[in-house]
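According to full-length UniProt numbering, the sequence shown is numbered sequentially starting from 1. Note that beta-carbon positions come from the ideal geometry of N, C-alpha and C, so glycine has one too. As structure tokens, the structure follows; a few thoughts come after it.
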Amino acid sequence: MGTKMKPLVPPRDPIEAMGEAYELLLEKALQEAQQGGAFALHVIDEMRSDIVALNTFSDHEFVKLKAYLNRDLVDAAHYLDKSGKELEDWLGFDVTLIKREFWERFSAAADQSTLALYQLKQQAESAEYHCGELIGLGTLACDQCGETLHFHKPGHIPPCPKCSHTRFHRHCLE
Numbered sequence: 001m002g003t004k005m006k007p008l009v010p011p012r013d014p015i016e017a018m019g020e021a022y023e024l025l026l027e028k029a030l031q032e033a034q035q036g037g038a039f040a041l042h043v044i045d046e047m048r049s050d051i052v053a054l055n056t057f058s059d060h061e062f063v064k065l066k067a068y069l070n071r072d073l074v075d076a077a078h079y080l081d082k083s084g085k086e087l088e089d090w091l092g093f094d095v096t097l098i099k100r101e102f103w104e105r106f107s108a109a110a111d112q113s114t115l116a117l118y119q120l121k122q123q124a125e126s127a128e129y130h131c132g133e134l135i136g137l138g139t140l141a142c143d144q145c146g147e148t149l150h151f152h153k154p155g156h157i158p159p160c161p162k163c164s165h166t167r168f169h170r171h172c173l174e
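Given below as structure tokens:
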């Protein structure tokens, strides 16, 4: 594989750092999948020491980061499997708002994840998003008032701007 992963340089903002680590983990797991034929979340575990060694994340934060990435990919794969629609519909907004390279990596990983979907079906059906967690891409709807939040790159989920509620679910285009 000729592509090199970009180095994870600790950014100024801790939220930005989590987003960059999310992208790095996605990229590494996808590279493994392309070499081995199946998307491998175990690769993320192998990167734990590298990420924690940057002194940017604690072990606990790494565990959360892995869970966020897994949740997003399983949710996307579940949507692809159940709806028969395009991944762009899962986002809930125009794909041109996302960095092309990240979108390509995310959609390829979601396609790979479809193969493992049946093992993770229960998890996908109960995907719930909470304030303070990290999300990769897409649109969330507030469980209380229905307000939508759009994420064009990895970032932390804020409280609902309309009602301050802290629980959300994935909002997909119909």
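Contact check for A109 against L80 fails: the beta carbons are separated by 7 Å or more. Distance from the Cα of L24 is smallest, within the candidate group L87, F106, E86, for F106.
Annotation: the continuous alpha helix (DSSP H) that includes F62 extends over 59–83.
Pairing C142 with H165 gives a Cβ-Cβ distance under 7 Å. Classified as buried, K66 has 16 or more neighbouring CB atoms from the shown chains inside 10 Å of its CB. Spanning the alpha carbons of G19 and E61 requires a straight line of approximately 12 Å.
The residue among D13, K82, L69, V63 with its C-alpha nearest the C-alpha of L26 is L69.
Looking only at K162, I157, E133, G136, the smallest Cα-Cα distance to C145 is reached by K162. Beta-bridge analysis with DSSP links F151 to G138. Cβ contact annotation for C131 (same chain, cutoff 6 Å, sequence separation greater than five): I157, P159, T166, in chain order.
F93 sits close to H150, with the two beta carbons spaced by under 7 Å.
With at least 16 other beta carbons inside 10 angstroms of its own, D75 counts as buried.
Collapsing the DSSP output to three states places F102 in a helix.
By the criterion of a C-beta distance shorter than 6 Å, R48 is surrounded in its chain by F62, once the five residues flanking it on both sides are discounted. Contact check for P154 and L134: beta-carbon distance about 6 Å, within the 8 Å limit, so the pair qualifies.
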